[in-house]
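In the numbering used here, the protein residues as written are 2 to 90.
Below is one structure, written out as structure tokens; the observations come after it.
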Amino acid sequence: MVNAGWQLRMKRHVERLISTNRRYPVSKVEKELHALGFVELGADQIAVAFEHRMMELYLEILLDDENKIHSYFIVSFEEKDKRRRKYRW
2 MVNAGWQLRM KRHVERLIST NRRYPVSKVE KELHALGFVE LGADQIAVAF
52 EHRMMELYLE ILLDDENKIH SYFIVSFEEK DKRRRKYRW
């Protein structure tokens, strides 16, 4: 289990990084994410996925037609697992 305070700090840092670089190609942000410890899981024309295993964070960046950041979401592994579970009625 990761320290919740450190995890929150990393989330906020990534949010600031992405919000300040929204108008630039995603490659600029990728370099900084790699320096922070994020590993790229996969990429295609519309999205790039990263995870930080030590901080237990999952990041997905959605791209526009010009390969610039359109939107993103960052969640903990725990939140990601909760979203995957099927709800019982």
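No residue lacks a Cβ here, since even glycine has one placed at the ideal position from N, Cα and C.
Would you grab the beta carbon distance between residue i and residue j for me? Rounded to a whole angstrom, and I think it's under 8 Å.
{"i": "glutamate 41", "j": "valine 30", "result": "Not a contact, Cβ separation roughly 11 Å."}
{"i": "valine 27", "j": "lysine 69", "result": "7 Å"}
{"i": "isoleucine 47", "j": "leucine 63", "result": "6 Å"}
Kindly indicate which residue of the options has the alpha-carbon position closest to the one of residue i.
{"i": "phenylalanine 39", "options": "Ile70, Met55, Asp45 and Thr21", "result": "Met55"}
{"i": "arginine 23", "options": "Asp82, Trp7, Asp65 and Val76", "result": "Asp65"}
{"i": "tyrosine 25", "options": "His71, Trp7, Ala5 and Leu37", "result": "His71"}
{"i": "tyrosine 73", "options": "Leu37, Thr21, Asp82 and Lys83", "result": "Thr21"}
Do residue i and residue j have their C-beta atoms within less than 8 Å of each other?
{"i": "glutamate 67", "j": "tyrosine 59", "result": "no"}
{"i": "phenylalanine 78", "j": "glutamate 57", "result": "yes"}
{"i": "glutamate 33", "j": "leucine 9", "result": "no"}
Who are residue i's beta bridge partners in DSSP?
{"i": "histidine 53", "result": "Leu58"}
{"i": "phenylalanine 74", "result": "Glu61"}
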